[in-house]
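Novice: Counting in the working numbering, the sequence shown runs from 681 upward without gaps.
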Amino acid sequence: MSEAEWWAYEGHGMARASVPLSLGNSFVITPQAALTYVFLAEDGYTEEGGGAAIDYDVDSTTSQRLWGDVGVELSARFRMRGETVIAPRLFAGYRANIIDEEAERTFRFVSTGDEFTLTDEGFGDGGALVGIGVDATNGYSTFSLGYEGEYGDQIERHSINAAIRFRF
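1) Does DSSP put Gln-834 in a helix, in a strand, or in coil?
2) Can you tell me whether Asp-805 is buried or exposed? The criterion is at least 16 other CB atoms within 10 Å of its CB, across all chains shown.
3) Return the residue from the list Ala-776, Gly-724, Arg-769 that minimises the CA-CA distance to Ala-684.
4) Per the contact definition of three or more C-beta pairs closer than 8 Å, is the region 820 to 837 in contact with the region 788 to 798?
5) How is the beta strand (DSSP E) around Ala-756 delimited, first residue to last?
6) Please classify Glu-836 as buried or exposed, where buried requires at least 16 other C-beta atoms within 10 Å of its C-beta.
7) Could you give the distance in angstroms between the alpha-carbon of Val-708 and the alpha-carbon of Ser-755?
8) How long is the line joining the alpha carbons of His-692 and Ala-772, rounded to whole angstroms?
9) Between Asp-833 and Gly-807, which are expected to be in contact by the criterion C-beta below 8 Å, what is the C-beta distance as a whole number of angstroms?
10) Going by the beta-carbon positions, is the gap between Leu-715 and Ala-695 smaller than 8 Å?
11) Between Leu-720 and chain B, is the shortest Cβ-Cβ distance under 8 Å, so that the two count as touching?
12) Have a look at Ala-688 and Ile-779 and give me their C-alpha separation to the nearest angstrom.
13) Using a Cβ-Cβ cutoff of less than 8 Å, which residues in the same chain neighbour Ala-733 once the five nearest sequence positions on both sides are dropped?
14) Given a cut-off of 8 Å on the beta-carbon distance, is the pair Gly-729 and Met-681 in contact?
15) What are the boundary residues of the beta strand (DSSP E) that includes Arg-775?
16) Among Ala-713, Leu-809, Asn-818, which has the Cα closest to the Cα of Phe-758?
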């Protein structure tokens, strides 16, 4: 079996701005924008132990990605009996892939030196972002359930999130 020591270094940062605007006592519209940057550096490595026809020598590589999101969230807060509050929310937006750098990885057979290159697939230009969710709280505990989706020209992502929080 081939083995090697492989290291990767990742860094990222995000800036987000939003402005909640009240529409009466129960409704809020929140325009928002965000930039997210990710950088990945992978060290080169040489495999050993797999045999002459299997071990690879792999070059180092870097890649980076920057995307920008804009959107608007519509939310409401409905007071029920006692301290109970139900807060549904809807989100719609767009994600633009500003930098979508595809990393190239060059591999060489240790035995012959013959090489080949693999290139990452891009994430495309961007696409729609959608979300829907609800929070329910009574002052001592909160239950949250939400869906988020990204519908891009090269990527489709879905997530369902649920959380229960208790205050002591």
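All residues carry an ideal CB built from backbone N, CA and C; glycine is no exception.
Specialist: Looking at the coordinates:
1) Residue state, collapsed to three classes: coil.
2) exposed
3) Gly-724
4) no
5) 741 to 756
6) Glu-836 is exposed by the Cβ-count criterion.
7) The straight-line gap from Cα to Cα measures roughly 5 Å.
8) About 24 Å.
9) 6 Å
10) Contact flag set, yes.
11) Judged by its chain identifiers, the structure shown contains no chain B, having just a single protein chain.
12) 20 Å
13) Phe-789, Ser-791
14) yes
15) 765 to 780
16) Asn-818
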